[in-house]
Each structure stands twice: as structure tokens, then as C-alpha cells.
Amino acid sequence: MNFGIIVFPGSNCDRDCAHVLSEVMGQTAQFIWHQERSVKGMDAIILPGGFSYGDYLRTGAIARFSPIMDAVVEFAGRGGMVLGICNGFQMLLELGILPGAMLRNRDLSFICEDHYIRVENANTPFTNSCEPGQILKLPIAHAEGNYYTNSVTLSALQANAQIVFRYCDGEGKVTSPANPNGSLDNIAGIRNAAGNVLGLMPHPERGAEYLLNNEDGIYIFRSMIAALEAHQTPQPV
Amino acid sequence: MKAKIYITLKNGILDPQGRAIQQSLQTLGFGTVGDVRLGKFIEVDLSETDTTSAGNCIKAMCEKLLANTVIEEYQYEILEA
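So the protein sequences, as listed, match chains F and D. According to numbering that gives the first Met the number 0, the first sequence is numbered sequentially starting from 0. According to numbering that gives the first Met the number 0, the second sequence is numbered sequentially starting from 0.
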């Protein structure tokens with residue numbers, strides 16, 4: 000499968016994604032510069048982590064208006080699979096493809112450490128190789144991961160099983176102490192209503208290799224590949 | 000003309016930076032300090048001569064880019080520069 004990785008000024012996880020997809024997963028990964036206007040017939044698009052435009056104004060707020068974004072929005076609208084990781088998740092929120100917004104972390108610090116997340120919905124193109132309730136350990140690295148939305152939207156996310164990952168402890172219990180950043184309802188990742196777009200704060204690409212002593216991130220990429228191969232999402236023209 | 004734009008988190012949304020500043024001020028002995036909200040201040044020069052159209056222009060900028068209205072609210076004033 001062909002994965003397009005959008006590169007913004009300040010992206011810093013683009014190469015990690017490409018490495019995992021090509022070297023670990025055996026797929027094709029291609030970089031797409033943010034000034035381009037086409038996603039070039041890719042099977043899936045990744046908005047990588049980093050600090051696009053230095054996080055000026057708000058995280059993802061400037062990147063959201065990059066020339067490539069019209070093509071990404073159109074791709075997502077056609078049912079194309081889009082994964083936003085960390086800064087990529089923040090862009091999806093700024094774009095309005097996913098609901099809500101990110102606030103500064105509850106304790107104001109930049110958090111860079113491994114955290115447990117629980118798979119709340121294993122019936123998505125991003126989690127189909129996980130068991131429901133499976134616990135993944137993945138690195139997080141952000142200062143603005145404190146997910147917020149209004150109570151109406153939160154209820155809709157809960158009712159539609161759009162909350163895909165929640166922060167939990169090592170036993171899978173979703174508790175306040177297991178919440179690293181103050182995120183509403185311990186939310187670590189959500190999908191859109193149609194199910195073809197996922198945003199998450201943890202970095203699967205930073206924990207997807209035996210050499211790194213963490214392969215949990217592989218579940219997400221493996222799921223995407225399986226979904227693409229099974230045509231679970233409509234194939235972009 | 001010049002626009003002065005103030006962006007803050009909406010009431011009811013926890014402002015962790017404002018809270019840290021509040022605690023620091025209280026620690027320094029400013030006992031009368033209540034709630035503190037931290038926001039952004041943006042100045043924009045406009046080649047506009049009409050105050051109403053300048054205001055409309057700034058409002059559109061705030062809605063589209065300068066503020067995230069999911070979490071933030073904005074105020075602005077237009078000054079004859």
C-alpha cells in the first residue's frame with residue numbers, strides 16, 4: 000500500500016513514520032510537501048507529529064491552511080484513510096474534521112514519556128488487529144494534549160464509539176491518575192463519525208520496532224494495512 | 000487603521016496558565032487576586048478607512064484563524080491610526 004506523509008515546516012516525526020512503514024511494515028511511503036496540492040493517488044495519508052510552523056498562534060492552526068490541506072480534506076471526504084499523530088491530531092481538530100480542541104496540559108509541562116492507552120473501539124480501520132480493551136504502551140510527547148469539547152459533543156463521541164483510545168493504567172483501568180494531561184474523559188484518540196479519520200496524541204511510529212523495545216505501535220499500522228487490503232474504506236479514485 | 004485583538008479562553012474552560020499565575024501572585028502577597036485568565040493580544044494594521052468594514056474584516060479573521068472558537072472568545076477595538 001502507498002502511504003503519503005505530509006511534511007510541514009517543523010514536522011519531526013515524518014521520517015519515523017516513513018521508516019516504520021517501509022522498513023518494518025514493508026509498505027511504500029512517500030513524502031508530500033505541504034506546498035503541493037495533490038495527494039497523488041495515495042491509499043492513506045498521515046499527518047505526522049512535530050511542531051508545524053513552530054506551533055505559532057495555536058498548535059496546527061497555521062498548518063491547517065497549508066495548500067495541501069484542501070486535497071487532504073477532499074481525500075478524507077471521499078472516505079480516504081487519514082491518520083493524524085500528535086501535531087497531526089491537532090491539525091485535524093483545527094480543520095474541524097474531528098471535533099474539539101486541545102488545551103495546554105493540565106500541569107503545563109511538556110510530557111515526554113511512555114503511557115498506557117486502552118483500545119475502546121477495536122472495530123475501526125486503525126484498530127482492527129487489536130482486541131477490544133487491549134492495552135498498548137506508547138510514547139507521548141506534547142504540551143497541548145489536553146483534549147476538550149463541549150458536553151453535547153462528548154456525549155455524541157461516546158454514543159457513536161468515536162473514542163478509540165483512552166489513557167489508562169497498566170491494568171487497563173481508566174482513572175484520573177492515569178490521565179497524563181487532563182484530557183476530557185481520558186481521551187487519547189478519536190475518530191470521525193464515518194470512521195475513516197483517526198487522531199491520536201500517542202506516537203505509534205515511535206514504538207513499532209523490536210530494536211526500540213516496543214512494538215505496540217505496529218498494531219495501528221497493521222490495522223490500517225489490513226483495512227486497506229480488505230477495502231474496508233472506499234478506495235479513493 | 001489599527002485593530003487591537005484580545006483572545007482568551009472561554010469562561011468555564013480551565014486555564015492552567017492563568018491558574019499558575021494566580022497562585023504565584025497570591026504567593027507574592029497580592030491577597031486580593033481572584034481569577035486570572037491568560038490570553039493573547041494581537042495588533043493588526045489595516046489599509047481600511049471605514050470603521051465598520053474594518054470591524055467586519057477583523058471579525059472574519061478571528062473566526063477563521065486568530066481564535067479557535069471551540070475554546071476561545073475574542074474582543075477587538077478599531078483605532079483610527
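Idealized CB from N, CA, C, for every residue including glycine.
- In the structure shown, the three-state DSSP call for F/D113 is strand.
- In the DSSP assignment, F/Y218 falls within the alpha helix (DSSP H) that extends over 217 to 228.
- F/L199 and F/G48 have their alpha carbons spaced roughly 10 Å apart.
- Taking a Cβ-Cβ cut-off of 8 Å, the neighbours of D/I70 in chain F comprise A100, L102, Y147, given in sequence order.
- For F/F164, there is no enclosing alpha helix (DSSP H); the enclosing beta strand (DSSP E) covers residues 162 to 167.
- When Cβ-Cβ separations below 8 Å define contact, F/R105 makes contact with chain D.
- Identification of chain F residues near D/N67 by a Cβ-Cβ cut-off of 8 Å yields R57, A60, E93, A100, ordered along the chain.
- The beta carbons of F/V6 and F/I44 sit no closer together than 8 Å.
- In the three-state reduction of the DSSP assignment, F/H18 falls in the helix class, which pools H, G and I.
- Taking C-alpha positions only, F/G76 is separated from F/I162 by approximately 20 Å.
- Closest in C-alpha terms to F/I219, from the list F/A229, F/N212, F/L197, F/L211, comes F/L197.
- Scanning chain F for C-beta atoms nearer than 8 Å to the C-beta of D/I12 yields L102, Y147, reported in chain order.
- Per DSSP, the continuous beta strand (DSSP E) segment holding D/Q74 begins and ends at 71 to 78.
- Between the C-alpha atoms of F/I31 and F/L97 there is a straight-line separation of about 22 Å.
- In the DSSP assignment, F/P138 falls within the unbroken beta strand (DSSP E) covering 134 to 141.
- Contact note: D/A19 reaches chain F through L107, using a C-beta cutoff of 8 Å and chain order.
- Counted as a single uninterrupted DSSP element, the alpha helix (DSSP H) harbouring D/R18 occupies residues 15 to 26.
- Within 10 angstroms of the beta-carbon of D/L78 lie fewer than 16 other beta-carbons, which makes it exposed.
- No Cβ of chain F is located within less than 8 Å of the beta carbon of D/Q25.
- 8 Å or more divides the Cβ of F/P8 from the Cβ of F/M80.
- Distance from the CA atom of D/K1 to the CA atom of D/D44, rounded to whole angstroms, is 5 Å.
- For D/Q16, the chain F residues whose Cβ falls inside 9 Å of its Cβ are R103, L107, in order along the chain.
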